[in-house]
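So the sequences go chain by chain: A and B.
First residue of the first sequence? That's 0 in numbering that gives the first Met the number 0, and the numbers climb one at a time after it.
First residue of the second sequence? That's 0 in numbering that gives the first Met the number 0, and the numbers climb one at a time after it.
Each residue gets a CB set at the ideal place from its N, CA and C atoms; glycine is no exception.
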Amino acid sequence: MIKARQEIFKLNVGEVLKVLATDRNSLGDFQGWAKSAKVVRLLRQDTELDAQGREVYIHYLARLA
Amino acid sequence: MDDCPGIDGISAEALYGEIQRGAAPFILDVRNEDEFTSWRIEGFPPLSMVNVPYYAFLEDEAGSLAQVPRQAQVTVVCAKGGASAFVAAMLTQHGIEARNLHGGMLAWGNLQVATSVSAAPRSGFAFVQINRVGKRCLSYVIACDGQALVVDPTRHVDWYTSLAKEYHAQITQVIDTHLHADHLSGGPPLAGGLGVPYYICLDDVAGARISHEPLPDGARLALGSTIVDIIAIHTPGHTPGSTSLLINGRYRLTGDTLFVNSVGRPDLGARAEEWARLLYRTLFGRMARLSGEVVILPAHYASPEEIRSNGVIGTTLSEARARNPAFQMHTEQEFLRYVLAHLPPQPPVYQEIRRANLGQVMFDAEHAAEMERRKLWMSAAKSARIP
């Protein structure tokens, strides 16, 4: 989360950051963060399986301002 | 993220110790709101606690800090101990005395604490109740003359072998009082790994692909010399095979049949009314003959309020007869109405856990932890038992 926050401010306004996380808690964390952070919008969240069959949580975040 | 150097920390075990001693630590839980709502650290009397997600400290440092009291030492808690270390460091920079719970709620959820049950411990003999605090699950170890019996172990099997070693004992028998639906049993892996018998009532293990020994009504098991006498008593209701263990005629391990303030839910087999009738006959029939002096020691508890000053969760049968709401129902009809009206929701993961405990499906350690964690949310959010 802290890393994602650093990265998103390297983007231009309107660009989208894709974040891969291995922790299920990241779903709620990114939802909560996007609500409290004014300059970020959470576009989508996906859960996929990696090559080892483990769940990967994918978050798409847009920089708004 | 690792714990930050220079920040005070506390282990889950030490924190539990403080709570039990009544030190009433102030908790700042920095997980997201959903996680906090579904389960958290608990104590009795209820702990002072505030939930401010760690990402709020990033977006609005001043506003978030304002929600933290300045008088008290703050114990910061997150999912795994990383984000809380970050917040604890931030608090410390602002002059607030803060410490980090090492390992976060993951460590809290896995914490197991052993407490001696028998009032007069003697050499070569140990009778301990093991509280898996985060899930309110209880298991038992009885050791005598170098031999140990484990009842209802959790899946942290190494924990039991080390505990037995502390009592200079080898685990020689493992028992499940019933087929568990709410947590993965450590019974088959513990017994299988040691090459010792795993006992469970056959009524609960139809179609099982695990090796097991029957635990029929009236079966006697000895431990060490004849000092410990264990009698299995069939007490169906929560499951058809639920079995209680009478220890030296004085203690009764009741599994999920009878709790301090409630009884086991009878609805996990899609035959709630039939099993509720069995439970009625168990409590008001079979158990009616038992002396009120017998100490009942269950496999679960509903609230930290039930932890007695000596750390043990249990009560005498006479006390249960006087206070447990289920015992206040005087006819079978009343009892059925009471039990069937107080059934908590049944999460689908229960069936998955039952199948895993029957050896019909296998999970890797990671999936197992995840499956139990999900259950953990549910059991802590709503009372998983009646009422």
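Roughly how far, in whole angstroms, is the beta-carbon of G80 of chain B from the beta-carbon of W107 of chain B, given that I think they are within contact range, below 8 Å?
For this step, residue 80 of chain B is matched to residue 81 along the second sequence. For this step, residue 107 of chain B is matched to residue 108 along the second sequence. That belief does not hold up - the Cβ atoms of G80 of chain B and W107 of chain B are roughly 10 Å apart, past 8 Å.
Can you name the residues that DSSP bridges to Q359 of chain B?
Here the question's residue 359 of chain B lines up with position 360 in the second sequence. In DSSP, Q359 of chain B forms no bridge with anything.
Q72 of chain B in three-state terms, based on DSSP:
Residue 72 of chain B sits at position 73 when you count from the first residue of the second sequence. Coil.
Which residue from B:V86, B:E34, B:A368 and B:L335 puts its Cα closest to that of A355 of chain B?
For the purposes of this step, residue 355 of chain B is identified with residue 356 of the second sequence, where counting begins at 1. With distances taken between Cα atoms, A355 of chain B lies closest to B:A368.
Less than 9 Å between CB atoms is the rule here; does L57 of chain B satisfy it with respect to chain A?
As a position in the second sequence, residue 57 of chain B is number 58, starting the count at 1. Yes, contact with chain A.
Cβ contact check for the region 30-49 of chain B and the region 301-312 of chain B: 3 or more pairs under 8 Å:
Yes, they touch.
Proximal residues of chain B, C-beta to C-beta of D28 of chain A below 7 Å:
Sequence index remark: in the first sequence, residue 28 of chain A carries index 29 (1-based). N31 and Y54, listed in chain order.
Where in the region 11-43 of chain A do unbroken runs of the alpha helix (DSSP H), each at least 4 residues long, occur, reported from the N-terminal end onward?
Qualifying alpha helix (DSSP H) stretches, in chain order: 24-35.
D7 of chain B, enclosing beta strand (DSSP E) - first and last residue:
Position 8 of the second sequence, counting from 1, holds the residue named residue 7 of chain B. Counting along the chain, the beta strand (DSSP E) containing D7 of chain B begins and ends at D7 to I9.
Please list the terminal residues of the continuous alpha helix (DSSP H) segment that includes Y159 of chain B.
For the purposes of this step, residue 159 of chain B is identified with residue 160 of the second sequence, where counting begins at 1. Its alpha helix (DSSP H) spans residues V156 to E165.
If you compare alpha carbons, which of B:T242, B:A269 and B:L267 is closest to T256 of chain B?
For this step, residue 256 of chain B is matched to residue 257 along the second sequence. For the options B:T242, B:A269 and B:L267, the alpha carbon positioned closest to that of T256 of chain B is the one of B:T242.
Going by DSSP in three states, H366 of chain B sits in which element: helix, strand or coil?
For the purposes of this step, residue 366 of chain B is taken as the residue at position 367 of the second sequence. Helix.
Around the C-beta of P297 of chain B, are 16 or more other C-beta atoms found within 10 angstroms, so that it is buried, or is it exposed?
Numbered from its first residue, the second sequence carries residue 297 of chain B at position 298. Result: buried.
Would a check of beta-carbon distances place M370 of chain B closer than 9 Å to chain A?
Numbered from 1 along the second sequence, position 371 holds the residue referred to as residue 370 of chain B. No, its Cβ sits nowhere closer than 9 Å to a Cβ of chain A.
Report the residue from B:E333, B:N309 and B:E371 whose alpha carbon sits nearest the alpha carbon of E351 of chain B.
What you label residue 351 of chain B is simply residue 352 of the second sequence in a count that begins at 1. Selected option, being the one with the closest Cα: B:E371.
Sub-9 Å separation of E318 of chain B and Y279 of chain B beta-carbons:
Position 319 of the second sequence, counted from the start, is the residue given in the question as residue 318 of chain B. Position 280 of the second sequence, counted from the start, is the residue given in the question as residue 279 of chain B. No, they are not a contact pair.
With DSSP as the reference, label F126 of chain B as helix, strand or coil.
Mapped onto the second sequence, residue 126 of chain B falls at position 127. In the three-state scheme derived from DSSP, where H, G and I count as helix and E and B as strand, F126 of chain B is classed as strand.
Beta-carbon gap between L289 of chain B and F326 of chain B smaller than 9 Å:
Numbered from its first residue, the second sequence carries residue 289 of chain B at position 290. Numbered from its first residue, the second sequence carries residue 326 of chain B at position 327. In terms of Cβ geometry, L289 of chain B and F326 of chain B do not form a close pair [threshold 9 Å].
Counting Cβ pairs, one atom from each stretch, are 3 or more of them under 8 Å apart for the region 53-70 of chain B and the region 156-169 of chain B?
As far as the Cβ criterion goes, the region 53-70 of chain B does not touch the region 156-169 of chain B, which means the pair count is below three.
Using the three-state DSSP reduction, which class does N109 of chain B fall into: helix, strand or coil?
Reading the second sequence from its first residue, position 110 is the one you call residue 109 of chain B. Note: N109 of chain B maps to helix in three-state DSSP.
Hey, does K404 of chain B have any beta-carbon neighbour from chain A nearer than 9 Å?
The first residue shown for chain B is 0 and the last is 386, placing residue 404 of chain B beyond what the model contains.
Give the residues of chain B in contact with A36 of chain A, contact being defined as C-beta atoms less than 7 Å apart.
Position 37 of the first sequence, counted from the start, is the residue given in the question as residue 36 of chain A. Those are E58, listed as they occur along chain B.
Between V293 of chain B and the rest of its own chain, which residues show a CB-CB distance below 6 Å, the 5 nearest in sequence each way excluded?
Here the question's residue 293 of chain B lines up with position 294 in the second sequence. If we look at V293 of chain B and ignore the five residues flanking it on each side, its Cβ neighbours are R251 and L316.
8 Å CB neighbourhood of R208 of chain B in its chain, flanking five on each side removed
Residue mapping note: residue 208 of chain B aligns to position 209 of the second sequence, counting from 1. Counting only Cβ-Cβ distances below 8 Å, and skipping sequence neighbours, we find L357, G358 and Q359.
Ignoring anything shorter than 3 residues, give me the beta strand (DSSP E) runs that lie fully in the region 171-257 of chain B, in order along the chain.
Listed in chain order, the complete beta strand (DSSP E) runs (minimum 3 residues) inside the region 171-257 of chain B are 219-222, 227-233, 242-246 and 250-254.
Restricting to Cα atoms, I'd like to know which of B:L162, B:S210 and B:N99 is closest to T114 of chain B.
As a position in the second sequence, residue 114 of chain B is number 115, starting the count at 1. Comparing C-alpha distances from T114 of chain B to each of B:L162, B:S210 and B:N99 shows the shortest one belongs to B:L162.
Give a yes or no on whether the minimum CB-CB distance between N24 of chain A and chain B is below 9 Å.
By 1-based counting over the first sequence, the position of residue 24 of chain A is 25. Yes, N24 of chain A counts as interfacial toward chain B.
Let me know the secondary structure DSSP gives L63 of chain A once reduced to three states.
Within the first sequence, residue 63 of chain A is the residue found at index 64, counting from 1. The answer is coil: DSSP assigns L63 of chain A none of H, G, I, E or B.
Using a Cβ-Cβ cut-off of 9 Å, state whether F85 of chain B counts as contacting chain A.
Within the second sequence, the letter at position 86 stands for residue 85 of chain B. Among the residues facing chain A, F85 of chain B is included, as its CB has a counterpart in that chain under 9 Å away.
Which word fits S224 of chain B, buried or exposed, when buried means at least 16 other C-beta atoms lie within 10 angstroms of its C-beta?
In the second sequence, counting from the first residue as 1, residue 224 of chain B sits at position 225. Under this definition S224 of chain B is an exposed residue.
Going by C-alpha distance, which of B:I246, B:P196, B:H211 and B:I226 is nearest G217 of chain B?
The residue labelled residue 217 of chain B in the question sits at position 218 within the second sequence. Checked all of B:I246, B:P196, B:H211 and B:I226; the closest Cα to G217 of chain B is B:I246.
Where R40 of chain A meets chain B, residues with beta-carbon distance less than 8 Å
Sequence index remark: in the first sequence, residue 40 of chain A carries index 41 (1-based). By Cβ distance, chain B contributes nothing, its closest Cβ being about 14 Å from R40 of chain A, past 8 Å.
Using the C-alpha atoms, what's the distance from H177 of chain B back to G254 of chain B?
Your numbering for residue 254 of chain B matches position 255 in the second sequence. Your numbering for residue 177 of chain B matches position 178 in the second sequence. Distance between the alpha carbons of G254 of chain B and H177 of chain B is about 7 Å.
Whole-Å CB distance - Y53 of chain B paired with V86 of chain B, under 8 Å assumed:
As a working note, residue 53 of chain B is residue 54 in the second sequence. As a working note, residue 86 of chain B is residue 87 in the second sequence. The Cβ separation is near 5 Å, so the contact holds.
I'd like to know if the region 90-101 of chain B and the region 140-155 of chain B are in contact, where contact means that at least 3 CB-CB pairs between them fall below 8 Å.
In short, these stretches do not touch, since the Cβ pair count stays below three.
Alpha-carbon to alpha-carbon, V49 of chain B and V75 of chain B:
Translated into positions along the second sequence, residue 75 of chain B becomes position 76. Translated into positions along the second sequence, residue 49 of chain B becomes position 50. Whole-angstrom Cα-Cα distance: 10 Å.
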